[in-house]
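Trainee:
Numbering (mature numbering (1 follows the signal peptide of the UniProt record, and there is no 0)), first residue to last: -19 to -1, 1 to 501.
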């Protein structure tokens, strides 16, 4: 549990640091901005900051090169939405002139709102439970804590710590999990007396910022990025780094990842309610998955951020250079002045040693924006294929000739290929219905092992259904999760699973789960 809390903290620290195809046609050359180009506002993401220093080419620079326009970047690392308003209010005359002349205003903001709010909540909880480091009491806590304050103030491990408390038993672990889930809910929703921080603070601030910028530059397009979910770790990495049945595995898959997915989805949804802005969908591009996310399919953000470093001390969730290329393509696709590129976008992409691993969905966007490399010579190759098909029926033999013309980027020779094939009449096909999938009782993740991970999935689903959200379980998973067979999936079922897991850890001749339940 101590390592679990440390991973939770790492995810928090990292976050501070934080498609449908449109139909634009390609032009022969980049369309230069009719006015003064682009202005960038925001936080460390927009500034191009990482733990190792600045990226070589941030997305504003890449966009400016592609569009052939001037770019002014006024992003400040660490800024939240309230800080953004102050930056706009304090623009110099020269900066206001750049904004007034801009055709595009691009904003990345909100990540620090999330983590500063979470820090305040977790410090308050730690103070109430007396999980404070020496020298701190309720009377001398920072008024507006940052994540660095969170690290200094809260005692996460050792005697009298949050980790020690959470490891005492199921009820304590559930309490800590509830606190983390509560922070996510307080960010996203104002229902049932929740804080609704997005609704009451973050979104109104962005609305005000957009209005202030529109007042300076009425004709500018204002593009605001949503926030990607960075903790999309490959399961093989998690298991090799922390262990298959480790507490970190449980934390990542059952607490951190799903809660962050909920938070980022809520932010995106509420961002789209603001009039006068266009949302740039960085979140979908970084995830690059058209399937439901889970431990086996976590998404691909780990390609665009250097989070899988093998050490919490070096993990980073700022966009790396590949991430800045991806963000640039998302912005340029939204702007929709597409052309064949041989500039900074293509040169930066081609410099990646692992570009063969570039996620497919993001790659499609890159290819759409970058177009065809103008330096390549295109030649036309014609190939003729003649196919003779003999069918064993009462009908005469028929011959079909097909001519195919293809265009490739490499010079090839023309060849004629003749293929003869014989097709026999086939017997009627009988279709048999597939059996309904079943999962062993308690083995919710269907990995043939009943352990704490299964219990955590049950608790996660219970938390969803308790707030009137739909269960994510399949019918087979619901049957496996309903351990006491009372048609309800709740903490009682999770406690049975945890109890059996503890029993198997200390017993040589292990009973089946069903046999164990008879005596539990």
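Cβ coordinates follow ideal geometry from the N, Cα and C atoms, glycine included.
Pick from 44, 203, 202, 145: whose alpha carbon is nearest that of residue 347?
Mentor: Cα-wise, what sits closest to residue 347 is 44.
Trainee: According to DSSP, is residue 162 helix, strand or coil?
Mentor: Helix.
Trainee: So what does residue 54 bridge to, in DSSP terms?
Mentor: For residue 54, which the question treats as bridged, DSSP gives the partners 21.
Trainee: Compute the distance between the beta-carbons of residue 85 and residue 201, then report whether it is under 9 Å.
Mentor: Closer than 9 Å, so yes.
Trainee: Along the alpha helix (DSSP H) that carries residue 101, what are the first and last residues, could you check?
Mentor: 92 to 110 is the extent of the alpha helix (DSSP H) around residue 101.
Trainee: Decide if residue 213 is buried, meaning its Cβ has at least 16 other Cβ atoms within 10 Å, or exposed.
Mentor: With 16 or more Cβ atoms within 10 Å of its Cβ, residue 213 is classed as buried.
Trainee: Just to confirm the assignment, what range does the alpha helix (DSSP H) spanning residue 89 have?
Mentor: Here residue 89 belongs to no alpha helix (DSSP H); instead the beta strand (DSSP E) covers 85 to 89.
Trainee: Taking the alpha-carbon of residue 318 as reference, which of 102, 351, 471 has the nearest alpha-carbon?
Mentor: When each option's Cα is compared against that of residue 318, the closest is 351.
Trainee: Is the beta carbon of residue 421 closer than 9 Å to that of residue 478?
Mentor: No, they are not a contact pair.
Trainee: So residue 72 packs on residue 189, CB below 8 Å; how close in whole Å?
Mentor: At roughly 15 Å, the Cβ-Cβ gap does not stay under 8 Å, so residue 72 and residue 189 are not in contact.
Trainee: In three-state terms, what does DSSP make of residue 320?
Mentor: Three-state result, residue 320: strand.
Trainee: Using 8 Å as the threshold, is the stretch 232 to 241 in touch with the stretch 115 to 126, meaning 3 or more CB pairs across them?
Mentor: Too few Cβ pairs lie closer than 8 Å, so no.
Trainee: May I ask which residues mark the beginning and end of the beta strand (DSSP E) holding residue 206?
Mentor: Residues 202 to 206.
Trainee: What is the residue span of the beta strand (DSSP E) that residue 260 lies within?
Mentor: Where residue 260 is concerned, the enclosing beta strand (DSSP E) stretches over 259 to 261.
Trainee: Give a yes or no on whether the C-beta atoms belonging to residue 40 and residue 282 are separated by under 9 Å.
Mentor: Going by C-beta atoms, residue 40 is not nearer than 9 Å to residue 282.
Trainee: Residue 382 to residue 322, Cα distance in whole Å?
Mentor: In this prediction, residue 382 scores a pLDDT of 37, lower than 50, which makes its location untrustworthy; the coordinate-derived value is nonetheless stated afterwards. Each residue's alpha carbon lies about 40 Å from the other.
Trainee: From the DSSP output, in three-state form, read off residue 113 for me.
Mentor: Three-state DSSP puts residue 113 in a strand.
Trainee: Determine which residues share a DSSP beta bridge with residue 31 and list them.
Mentor: Its beta-bridge partners are 34.
Trainee: Which value, in whole angstroms, describes the spacing of the CA atoms of residue 280 and residue 156?
Mentor: Their Cα atoms are separated by approximately 29 Å.
Trainee: Drop a sphere of 10 angstroms on the beta-carbon of residue 341, count the other beta-carbons inside from all chains shown, and report buried for 16 or more, exposed for fewer.
Mentor: Counting Cβ neighbours within 10 Å, residue 341 comes out exposed, since fewer than 16 surround it.
Trainee: Give the C-beta separation of residue 440 and residue 462 to the nearest angstrom, bearing in mind that I take them to be a contact with Cβ-Cβ under 8 Å.
Mentor: Residue 440 to residue 462, Cβ: 10 Å. No contact.
Trainee: Does DSSP classify residue 491 as helix, strand or coil?
Mentor: DSSP places residue 491 in coil when its eight states are reduced to three.
Trainee: Looking only at DSSP bridge pairs, what is residue 439 linked to?
Mentor: Its beta-bridge partners do not exist; DSSP assigns none.
Trainee: Whose C-beta lies closer than 7 Å to the C-beta of residue 106 among residues of the same chain, with five residues either side of it excluded?
Mentor: Taken in chain order, the residues that qualify are 160.
Trainee: Going by DSSP, what residues sit across from residue 135 in a beta bridge?
Mentor: Answer is 113.
Trainee: Considering only residues of the same chain and omitting the five flanking positions on each side of residue 278, which have a CB-CB separation below 7 Å?
Mentor: Contacts found: 270, 272.
Trainee: Verify whether the separation of the beta carbon atoms of residue 209 and residue 286 is less than 9 Å.
Mentor: Yes; because the gap between Cβ atoms is below 9 Å, this pair is in contact.
Trainee: Going by DSSP, which residues form a beta bridge with residue 300?
Mentor: Residue 300 pairs with 286.
Trainee: Distance, Cα to Cα, residue 498 vs residue 490?
Mentor: About 15 Å.
Trainee: State buried or exposed for residue 250, treating a residue as buried only when at least 16 other CB atoms are found within 10 Å of its CB.
Mentor: Flag for residue 250 reads exposed.
Trainee: Spell out a yes or no on whether the stretch 88 to 97 and the stretch 52 to 69 are touching, meaning 3 or more CB-CB pairs, one atom from each, closer than 8 Å.
Mentor: The answer is yes - the stretch 52 to 69 touches the stretch 88 to 97, with three or more Cβ pairs under 8 Å.
Trainee: What span of residues does the alpha helix (DSSP H) with residue 82 cover, start to end?
Mentor: Note, residue 82: alpha helix (DSSP H), 74 to 82.
Trainee: Relative to the C-alpha of residue 51, which candidate in 117, 78, 179 has its C-alpha closest?
Mentor: For the residues 117, 78, 179, the minimum Cα distance to residue 51 belongs to 78.
Trainee: Under the three-state reduction of DSSP, which class applies to residue 219: helix, strand or coil?
Mentor: It is helical.
Trainee: Looking only at its own chain, which residues have a Cβ that is under 8 Å from the Cβ of residue 184, when we skip the five neighbours before and after it?
Mentor: Excluding sequence neighbours, residue 184 sits near 251, 252, 254, 255.
Trainee: Let's test the definition: count the other Cβ atoms within 10 Å of the Cβ of residue 75 and tell me whether it reaches 16, buried, or not, exposed.
Mentor: With fewer than 16 other Cβ atoms within 10 Å, it is exposed.
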